[in-house]
Structure formats: structure tokens, C-alpha cells
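Here the working numbering runs 242 ahead of the position in the sequence shown, where the first position is 1. No residue lacks a Cβ here, since even glycine has one placed at the ideal position from N, Cα and C.
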Amino acid sequence: MAGTISEEDIQKVREASDLVAIIGERTPVKQRGRDFWCCCPLHNEKTPSFKIDPVLQLWHCFGCNEGGDVFGFLMKTEDLSFPEAVRKLAERAHIDIADTGGRGGVPSSKKARLKAVCEATAAFYHTQLMRNPDADAAAARSYLAGRGLGGDVPRRWRLGFAPGRGQLVRHLSAQGFSAEEMVEANVAMKDRGGKLRDRFFNRVMFPIGDAQGECIAFGGRVIGKGEPKYLNSQETSVFHKSQVLYGLDHAKAAMAATGVAVVVEGYTDVIALHEAGIGNAVATLGTALTMRHIRLLARHAQHKIVYLFDGDEAGQRAADRALGFIDDSMTPEAGRAKVELAAVTLPDNLDPAEFVGARGADALRELIARAQPLLKYGIERRLAAHDLGSAEGRSRALVDALAVLAPIKDSLLAKDYAVQIASRCRAREEDVLEQLARLEPPRRAAEADDGGPGRAGAPAGDGRLPAADPGAAAPGGGAPRRAGLSQPEANRRRFEREFLSLAAQHPELALAHADALASTQWHEPVHATLAQSMLATLAEDPAAPAARVIGDAARVLPQASGILTSGSMAGATEPEPLARFLAEELAIGDAEDAVAALRAQLSDPSALPADEYEMLFQTVTAMQKDLTRRRLAHKAV
Numbered sequence: 243m244a245g246t247i248s249e250e251d252i253q254k255v256r257e258a259s260d261l262v263a264i265i266g267e268r269t270p271v272k273q274r275g276r277d278f279w280c281c282c283p284l285h286n287e288k289t290p291s292f293k294i295d296p297v298l299q300l301w302h303c304f305g306c307n308e309g310g311d312v313f314g315f316l317m318k319t320e321d322l323s324f325p326e327a328v329r330k331l332a333e334r335a336h337i338d339i340a341d342t343g344g345r346g347g348v349p350s351s352k353k354a355r356l357k358a359v360c361e362a363t364a365a366f367y368h369t370q371l372m373r374n375p376d377a378d379a380a381a382a383r384s385y386l387a388g389r390g391l392g393g394d395v396p397r398r399w400r401l402g403f404a405p406g407r408g409q410l411v412r413h414l415s416a417q418g419f420s421a422e423e424m425v426e427a428n429v430a431m432k433d434r435g436g437k438l439r440d441r442f443f444n445r446v447m448f449p450i451g452d453a454q455g456e457c458i459a460f461g462g463r464v465i466g467k468g469e470p471k472y473l474n475s476q477e478t479s480v481f482h483k484s485q486v487l488y489g490l491d492h493a494k495a496a497m498a499a500t501g502v503a504v505v506v507e508g509y510t511d512v513i514a515l516h517e518a519g520i521g522n523a524v525a526t527l528g529t530a531l532t533m534r535h536i537r538l539l540a541r542h543a544q545h546k547i548v549y550l551f552d553g554d555e556a557g558q559r560a561a562d563r564a565l566g567f568i569d570d571s572m573t574p575e576a577g578r579a580k581v582e583l584a585a586v587t588l589p590d591n592l593d594p595a596e597f598v599g600a601r602g603a604d605a606l607r608e609l610i611a612r613a614q615p616l617l618k619y620g621i622e623r624r625l626a627a628h629d630l631g632s633a634e635g636r637s638r639a640l641v642d643a644l645a646v647l648a649p650i651k652d653s654l655l656a657k658d659y660a661v662q663i664a665s666r667c668r669a670r671e672e673d674v675l676e677q678l679a680r681l682e683p684p685r686r687a688a689e690a691d692d693g694g695p696g697r698a699g700a701p702a703g704d705g706r707l708p709a710a711d712p713g714a715a716a717p718g719g720g721a722p723r724r725a726g727l728s729q730p731e732a733n734r735r736r737f738e739r740e741f742l743s744l745a746a747q748h749p750e751l752a753l754a755h756a757d758a759l760a761s762t763q764w765h766e767p768v769h770a771t772l773a774q775s776m777l778a779t780l781a782e783d784p785a786a787p788a789a790r791v792i793g794d795a796a797r798v799l800p801q802a803s804g805i806l807t808s809g810s811m812a813g814a815t816e817p818e819p820l821a822r823f824l825a826e827e828l829a830i831g832d833a834e835d836a837v838a839a840l841r842a843q844l845s846d847p848s849a850l851p852a853d854e855y856e857m858l859f860q861t862v863t864a865m866q867k868d869l870t871r872r873r874l875a876h877k878a879v
């Protein structure tokens, strides 16, 4: 297993690498006030729009909306991985880098310690499965063999068996791991009496690795009867379900070779497909596929991501949820950022493991090759749900199918599909295109209603926030704000970006407002990811500088640097009042969303018993009074 670079060494290299000097070796830089400016090395320009902050050691280009720290600069300009960038700068600064790993010795940093706990746990579980003569372990081996996962499969996938009864705790204790580390790695837990015990008992264990193959979590399937049937690790500082895919460490080479990633729903599906020769399969971890998963896969599979849905009812619900991924990244206008997402449903209510076992790998490859683009897949599902032989059915089908195109209604691709829908539903193209233009993009789950007046916050020109620009480029991506957003919603997202940027560039403010970062109901999913990353970095090292906070976030989310270096307020002489203002603005917005949701329940008095309705009415009234008071106090700031 490749070694990792300790945070201590990363910080040494960061402190020894002057960003101004390194960029100055590539292009002339000129000082203006505190900052340095130059023409961007990442794109052609004649007027300098590339800013370097020598104090924070951060850079940001206002032309292409890229940004980051010294490591990010080398990664962008020389196409290096993060470890490669660290090592190159270490060589430049004559710093020796000491690699640490989870198997040879016990590493010192917190995250490395947790990974070491998981690695030691995986090795223990694997030994129990392969060598334990007890009846329970034998039952686990029989279970796997009965599902075609016998022979060398457990060795290749490091499958294991959790015996429970404190055996793991005793084993890890003997290796020098503390109770706190076991609990934090989520392989042990304390009972009500405070006694440490194994988290997993009498289960077949599937170790979950990161993209490099280091174990960071586990999934367990109970042997025989018992609840819950499946038990997964909870999230830890090294394991985030929305950012990890089971089998990616095994699949990334095949993804790069074929340009295609195949997403399934279960651990055994992944293993069955790999063992059948379909080595580009991965699975989500008890959650629906997320945009973060898609971005992760797109880095390895340059051509297409195919979502393979089970044929049962649960699989079809997942298929319907997948339509929520439709956005501008699927259109030709996205250019190099375009994501090709396709989908296919398995026939006869089969799951992938059952299908490949019954019909063979070639049949599955053929099915994958015929996968439809997600847009076409969604439209066909909507049309198939209606009777196109009747006028009423065609009318309903047209409305239903056209709604799939709402998120990309302004693209040429949407217009092309709209014409096809018109033909299928025997409608005039002009009428359908006009109806497409009137569509409102659907709200994502994270996009609550704007909550009415008062959400715009500080007025334009007050010296605290720049005036909202409805057509402004979104930080980190260079794309204008999503069509169809109301002005209050656009302002909300702008406030989120400003708060995150301010907190990232002033980590002491992130610590002071950690509760706000953790509790805010972010309207942009990427903002939630950035907040989680900042909190994780500062939990590990409260003294982490801004460059590390932003650098860590960029390792989780590629566009993080652009977002976190783009704020207009980070250079303020007194940033704390601005942070307080933004935190309260976002909190008030969340409270307004909560009140709006409760008011919706009051819209139908007959839906609730009289006493519950009255109690809810009083609750909403009290919340509204408190909200009015807070809003008035906030506007007075």
C-alpha cells in the first residue's frame, strides 16, 4: 500500500513555499497595495486578473474563477496529484518527506490513526473468516459460497467475519489502539455502563476502501436472522458516504481503460460483476447516488457513467430519483465539463448479481452498451406511464415528459427532445417549445422556498456586501447562476458563498461560528460539503491556516478553491462583524423556511385533529413573532 504524507510534513512544505515567488517564476507579478497581480497562467488574457494574497498564501483568478493554495497552483498548472505537488515543492525546499502507512508501524496524525484502526480491523475480520473453526464463522463461509463468493473471492476482496463478544476490542487494544480511537473509527462502542464492546457481531463484513484502497469503514450483513439485516459504519472524519463508492479502488483502472463507470446498488453486485469480468462497477453505500459521487466518477470515467437499476420496485424508485441529476452539465453547452450519465433497468425484477449469474457477463455488457442517456431514459419512462392512444393520455404524457427537461430548458438539447416529445404526443412543435420555455426548473431537495420578504439581507451599496448581479458568474465554475432562480434565492446562495469564503480565509471565524457552519441548511449541496470539510480540518487542527483549510476542501471538491477564494469580504479590516451578520442572515433564512413549511400544514384544517391543529397554529404564531423580532434586529445592524 502506498504511504501517505503526514499533515506535519505538508505544513512544513506549505510554510517553506512562498506563493508569490513560485508564481513569479512563471509570469511577472506586480504589487498593488497588499496583494500581487499577474496575468493568469491558466488562460490567455492581456489584463491581469490573477490575485495573490501574500499573507494568506492564496490565489484567485477573477477571469476563470480558479483559486487555491500553493499546492493547488502546481496541481492546476502541471497536472499533478496532491501528493506529487507536495513532493515537488518539498524537493524545491530541500525538505525530506517521511511516508507513513497503516500497516508498518502506527502513524501519528489523527486521520492516519483512524485508518490504521480500520486496516487492523479488516485484517482481524478477514482472519476470522478464513481460519476461525467456530460454527458461526463456518456459517459465514457457507453464506458467501452460496452466493458465488467462495474460493479466492474473500481473499481478493478482503471479506471478513465479525465474531463479536469483545474479540475485536481485545485484539486492537493489544495492538496499541485506544478506546477513543476504536469508538471514533466506529468499530467499537460503549454500552450504558461505559464498557467497550464490538460494534459488529455475527456478520459477514465488507471492508470499504477509499480510492487508494485504504480501509476507512465497513458494511456488515447479519448471518441468519437478526435486525438490522445490513449495518454500515456511521460517518467519521475519514468516511463520508456521499463521497465514497464501494469498489472504486478495484474499478478505477478499468474505468480509465474503458471510459465507462457502472453504478449498482449493493456490495455483492459489485463483487459479482468484477468476478464475471466487468471490472468497472461500483456501488453507493446505503444512500442514493449524489452529484458528489458523479463528479468523483467523472474523474476516472471520461466517457460515460451508467446507472444500472434493479428491476424491482425499490430499483424503480431509485430510477425516478436519478432524474434529479439532470442539469446543465449534461448539455453540449457544458463543453469539457459535460457529464454523460446513462441508465438502464434490468429485466424480470433481477439485480445485477442475479442477472449475470443467470444470463452471463456478455448479456450484461450488451445491456450496458444499450443504456440510454438519462434524459431519454427519463422521458421514455414518463411517456410509457400514459396511454398514448387517447387524447387525454397524450396530454398528460406531454406535460409529464416535458417536465424532465425543465432543468435544462434553455439548452439546444432540451429543444431537440421537446420536438421528439411533440411528435410522440401528436402535438404542434411550436406549442410544445412555447410550453418548454414557460417551465420553471424544479426545486432540488436542498433548495427550500425563499421564505418571503426580508431575505435579501443587507441592501446594495451599504459597504458590507456587493449588489446582487443576476447574471454574475458563479464562483468556482464560471457559469452564470442557474436560470429560474428568484432574486431572494440568488441572494441566499451569494450569502452562503460569502460566509464560507470569509470563514475559510479566516479560520478563527470558522471556529467561532462552527455551530452556524454545522447547522445551516445550505441551499447549494456543494456549500454543505465545503462546510463539512472546514469543520473536519479544524476539528483535527484548530490552528490550521487558511491555506490548509482551503487545500483540504479542494481535495474533497475540485471547485472548492474557486469558491472559497472568491469572496468579496475576506480582505475586510474587521471581518468578525461581517461573519456575525452573514451567520444571522442564513439562520433567519432557515427559520423562515421552517415557518413556511409549518404554514403549509395549516393550509388544510381538515387534515389534522382539532387539538393538533390548534397546537400547530400556536407554534407557528410564536415562531413568526420571534422571526419578526430577529428580522427587525438584523436589519438594524
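With 16 or more other Cβ atoms inside 10 Å of its own Cβ, D440 counts as buried. In this structure, A643 sits near L625, with a CB-CB distance shorter than 8 angstroms. Secondary structure at M572: helix, using DSSP grouped into helix, strand and coil. In this model, D552 and G436 are separated by some 43 angstroms (Cα to Cα). If you check the CB distance, D511 and A595 come in under 8 angstroms. Under the three-state reduction of DSSP, C360 is assigned to helix. Counting only runs of 4 or more residues that sit fully inside the segment 428-511, the alpha helix (DSSP H) segments are 490-500, in chain order. The closest CA to that of I663, considering only R623, L751, P649, S775, is found on R623. Looking from the CA of A825, the closest CA among L751, L647, K483 belongs to L751. Contact between G309 and L300 holds: CB atoms are separated by about 7 angstroms, below the 8 angstroms threshold. In the three-state scheme derived from DSSP, where H, G and I count as helix and E and B as strand, F278 is classed as strand. Each of S808, M776, S810 was checked against the Cα of D794, and the nearest Cα belongs to M776. For the 8 angstroms CB-CB criterion, H413 and S808 do not form a contact. The C-alpha of L539 is placed about 19 angstroms away from the C-alpha of R607.
Just measuring C-alpha positions, the residue of D376, F304, R334, P296 sitting nearest T289 is F304.
Between F366 and the set N522, G402, C281, the nearest pair of CA atoms involves G402. Residue environment for E766: buried (at least 16 other C-beta atoms within 10 angstroms of its C-beta).
Burial is judged here by how many other beta carbons sit within 10 angstroms of a residue's own beta carbon; T478 has at least 16 and is buried. The alpha-carbon of L753 is positioned some 22 angstroms away from that of R734. Here the C-alpha atom of T771 lies approximately 9 angstroms from the C-alpha atom of A802. A584 and P615 do touch by the CB rule: their CB atoms are close to 5 angstroms apart, below 8 angstroms.
By alpha-carbon distance to E249, the top candidate from Y855, L806, L780, G455 is L780. Residue pairing by DSSP places P615 opposite A584 in a beta bridge. Burial check for N522: the Cβ neighbour count within 10 Å reaches 16 or more, so the residue is buried.
Secondary structure of I294 (DSSP, three-state): strand.
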